[in-house]
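So the number in the working numbering is just where the residue sits in the sequence shown, counting from 1, plus 54. For each residue, glycine too, the CB sits at the ideal point set by N, CA and C. Quick caveat: nothing in here was measured; it's all calculated off a predicted structure. Notes to accompany the following structure.
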Amino acid sequence: LGRSGATLDLYNLQVVGGATGIWTNGGASTLTVNASTITESGMAGIWTNGGASTLTDVVVQDIVGVPGISETRGGWGVVLKDGLIALDKVHIKDVQQGGLVLNNTAGEVNDLRVENVSTNADGELGRGIHAWNSYDPDIGLTMTNIEVENVHDVGILARNTHPLAMTNISVI
55 LGRSGATLDL YNLQVVGGAT GIWTNGGAST LTVNASTITE SGMAGIWTNG GASTLTDVVV
115 QDIVGVPGIS ETRGGWGVVL KDGLIALDKV HIKDVQQGGL VLNNTAGEVN DLRVENVSTN
175 ADGELGRGIH AWNSYDPDIG LTMTNIEVEN VHDVGILARN THPLAMTNIS VI
(Lines of atoms letter the chains of each structure in order from A; the text may use other names.)
(Lines give C-alpha, C1' and ligand atoms only; values in the text may rest on other atoms or scores of the structure.)
Protein backbone atom coordinates (compact mmCIF):
# COMPACT_ATOMS: atom_id res chain seq x y z
CA LEU A 55 0.00 0.00 0.00
CA GLY A 56 1.36 3.43 -0.79
CA ARG A 57 -0.06 6.77 -1.73
CA SER A 58 1.26 10.31 -1.67
CA GLY A 59 -0.69 13.03 0.12
CA ALA A 60 -3.41 10.68 1.37
CA THR A 61 -5.05 9.69 4.60
CA LEU A 62 -4.83 5.95 5.16
CA ASP A 63 -6.78 4.38 8.05
CA LEU A 64 -6.06 0.67 8.21
CA TYR A 65 -7.73 -1.62 10.75
CA ASN A 66 -7.53 -5.39 11.29
CA LEU A 67 -5.21 -5.74 8.32
CA GLN A 68 -2.87 -8.60 7.49
CA VAL A 69 -0.19 -7.84 4.91
CA VAL A 70 1.98 -10.75 3.73
CA GLY A 71 4.88 -10.29 1.31
CA GLY A 72 5.54 -7.47 -1.12
CA ALA A 73 8.47 -5.09 -1.41
CA THR A 74 7.21 -2.93 1.49
CA GLY A 75 4.18 -3.89 3.54
CA ILE A 76 2.84 -0.34 4.00
CA TRP A 77 4.46 2.74 2.49
CA THR A 78 3.38 6.38 2.53
CA ASN A 79 5.17 9.33 0.97
CA GLY A 80 4.57 13.07 1.19
CA GLY A 81 4.09 15.66 3.92
CA ALA A 82 0.32 15.55 3.67
CA SER A 83 0.18 11.78 4.26
CA THR A 84 -1.47 10.54 7.43
CA LEU A 85 -1.16 6.87 8.32
CA THR A 86 -3.14 5.09 11.03
CA VAL A 87 -2.62 1.34 11.48
CA ASN A 88 -4.58 -0.48 14.18
CA ALA A 89 -4.78 -4.16 15.20
CA SER A 90 -2.75 -5.31 12.18
CA THR A 91 0.10 -7.66 11.24
CA ILE A 92 2.73 -7.13 8.53
CA THR A 93 4.90 -10.15 7.67
CA GLU A 94 7.43 -11.32 5.09
CA SER A 95 7.87 -8.00 3.30
CA GLY A 96 11.19 -7.39 1.61
CA MET A 97 12.42 -3.82 1.99
CA ALA A 98 10.44 -2.83 5.12
CA GLY A 99 7.35 -3.70 7.09
CA ILE A 100 6.20 -0.07 7.35
CA TRP A 101 7.96 2.95 5.79
CA THR A 102 6.70 6.53 5.91
CA ASN A 103 8.22 9.70 4.46
CA GLY A 104 6.49 12.74 5.95
CA GLY A 105 3.14 13.29 7.58
CA ALA A 106 1.78 11.77 10.76
CA SER A 107 1.96 8.08 11.67
CA THR A 108 -0.08 6.30 14.34
CA LEU A 109 0.50 2.60 14.99
CA THR A 110 -1.57 0.81 17.66
CA ASP A 111 -1.53 -2.91 18.42
CA VAL A 112 0.68 -3.68 15.40
CA VAL A 113 3.03 -6.62 14.77
CA VAL A 114 5.80 -6.39 12.16
CA GLN A 115 7.76 -9.61 11.75
CA ASP A 116 9.87 -11.73 9.43
CA ILE A 117 10.99 -8.87 7.18
CA VAL A 118 13.29 -10.82 4.92
CA GLY A 119 15.15 -8.35 2.69
CA VAL A 120 15.14 -8.07 -1.08
CA PRO A 121 17.71 -10.08 -3.07
CA GLY A 122 20.05 -7.81 -5.01
CA ILE A 123 22.63 -8.51 -7.66
CA SER A 124 25.37 -9.07 -5.11
CA GLU A 125 23.66 -8.87 -1.70
CA THR A 126 20.35 -8.77 0.10
CA ARG A 127 19.01 -5.26 0.79
CA GLY A 128 16.35 -3.95 3.13
CA GLY A 129 14.76 -5.98 5.85
CA TRP A 130 13.89 -2.90 7.96
CA GLY A 131 11.11 -3.29 10.53
CA VAL A 132 9.44 0.14 10.85
CA VAL A 133 10.95 3.33 9.38
CA LEU A 134 9.19 6.63 10.20
CA LYS A 135 10.62 9.84 8.74
CA ASP A 136 9.82 13.55 8.85
CA GLY A 137 6.67 13.79 10.95
CA LEU A 138 4.69 13.29 14.11
CA ILE A 139 4.40 9.76 15.48
CA ALA A 140 2.33 7.86 18.04
CA LEU A 141 3.12 4.19 18.65
CA ASP A 142 1.37 2.03 21.24
CA LYS A 143 1.64 -1.74 21.68
CA VAL A 144 3.93 -2.36 18.71
CA HIS A 145 5.98 -5.56 18.40
CA ILE A 146 8.81 -5.77 15.85
CA LYS A 147 10.69 -9.05 15.49
CA ASP A 148 12.94 -11.00 13.17
CA VAL A 149 14.07 -8.11 10.97
CA GLN A 150 17.38 -6.89 9.53
CA GLN A 151 19.37 -3.65 9.92
CA GLY A 152 16.91 -1.77 12.18
CA GLY A 153 13.81 -2.61 14.20
CA LEU A 154 12.40 0.90 14.70
CA VAL A 155 14.07 3.74 12.78
CA LEU A 156 12.96 7.30 13.59
CA ASN A 157 14.44 10.09 11.47
CA ASN A 158 13.33 13.66 12.13
CA THR A 159 10.28 12.68 14.17
CA ALA A 160 8.50 13.84 17.33
CA GLY A 161 5.85 12.21 19.48
CA GLU A 162 5.39 9.18 21.71
CA VAL A 163 6.37 5.52 21.66
CA ASN A 164 4.69 3.37 24.33
CA ASP A 165 4.80 -0.36 24.99
CA LEU A 166 7.24 -1.25 22.22
CA ARG A 167 9.07 -4.57 21.94
CA VAL A 168 11.88 -5.06 19.39
CA GLU A 169 13.61 -8.42 19.18
CA ASN A 170 15.92 -10.39 16.92
CA VAL A 171 17.44 -7.72 14.69
CA SER A 172 20.22 -9.07 12.48
CA THR A 173 22.78 -7.29 10.31
CA ASN A 174 22.62 -6.44 6.63
CA ALA A 175 24.56 -8.51 4.09
CA ASP A 176 27.77 -6.59 4.90
CA GLY A 177 27.50 -7.44 8.60
CA GLU A 178 26.55 -3.87 9.50
CA LEU A 179 23.80 -2.38 11.66
CA GLY A 180 21.39 -4.70 13.46
CA ARG A 181 20.00 -1.95 15.71
CA GLY A 182 16.96 -2.21 17.92
CA ILE A 183 15.96 1.47 17.84
CA HIS A 184 17.76 4.21 15.92
CA ALA A 185 16.41 7.73 16.47
CA TRP A 186 18.02 10.89 15.14
CA ASN A 187 17.05 14.51 14.61
CA SER A 188 13.96 16.22 16.03
CA TYR A 189 10.94 17.11 13.93
CA ASP A 190 9.59 19.51 16.56
CA PRO A 191 11.80 20.39 19.55
CA ASP A 192 8.73 21.71 21.39
CA ILE A 193 7.25 18.19 21.34
CA GLY A 194 10.37 16.04 21.41
CA LEU A 195 10.34 12.26 21.66
CA THR A 196 9.00 10.29 24.63
CA MET A 197 9.62 6.54 24.94
CA THR A 198 7.94 4.53 27.72
CA ASN A 199 7.90 0.79 28.46
CA ILE A 200 10.44 -0.22 25.82
CA GLU A 201 11.97 -3.71 25.52
CA VAL A 202 14.85 -4.41 23.13
CA GLU A 203 16.29 -7.92 23.00
CA ASN A 204 18.79 -9.82 20.89
CA VAL A 205 20.09 -7.18 18.50
CA HIS A 206 23.48 -7.29 16.78
CA ASP A 207 24.75 -3.71 17.07
CA VAL A 208 23.11 -1.23 19.48
CA GLY A 209 19.94 -1.61 21.52
CA ILE A 210 18.97 2.08 21.37
CA LEU A 211 20.91 4.76 19.50
CA ALA A 212 19.59 8.32 19.91
CA ARG A 213 21.36 11.21 18.22
CA ASN A 214 20.29 14.88 18.03
CA THR A 215 16.86 13.99 19.40
CA HIS A 216 15.82 16.89 21.65
CA PRO A 217 14.19 16.66 24.05
CA LEU A 218 14.26 12.92 24.62
CA ALA A 219 12.50 11.33 27.60
CA MET A 220 12.87 7.60 28.28
CA THR A 221 11.11 5.69 31.07
CA ASN A 222 11.10 1.99 31.93
CA ILE A 223 13.61 0.85 29.29
CA SER A 224 15.05 -2.68 29.04
CA VAL A 225 17.86 -3.64 26.66
CA ILE A 226 19.00 -7.25 26.86
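Three-state secondary structure (DSSP) of residue i
i, result
"Gly-131", "strand"
"Ala-73", "coil"
"Ser-224", "strand"
"Gln-150", "strand"
"Asn-170", "strand"
Beta-carbon contacts of residue i that lie in its chain and below 6 Å, excluding the five residues immediately before and after
i, result
"Gly-161", "Leu-138, Ile-139 and Ala-140"
"Pro-217", "Gly-194"
"Val-163", "Leu-141 and Met-197"
Residue i - containing beta strand (DSSP E), residue span
i, result
"Ala-106", "106-115"
"Ile-210", "210-213"
"Ile-200", "195-205"
Residue j beta carbon less than 9 Å from that of residue i
i, j, result
"Gly-182", "Thr-173", "no"
"Lys-147", "Arg-167", "yes"
"Thr-108", "Thr-78", "no"
"Val-132", "Ala-175", "no"
DSSP beta-bridge partners of residue i
i, result
"Gln-68", "Thr-91"
"Lys-143", "DSSP, once it has assigned bridges, lists no residue as partnering Lys-143."
"Gly-137", "Thr-159"
Other residues of its chain near residue i: CB distance less than 7 Å, five sequence neighbours each side excluded
i, result
"Asp-165", "Asp-142, Lys-143 and Asn-199"
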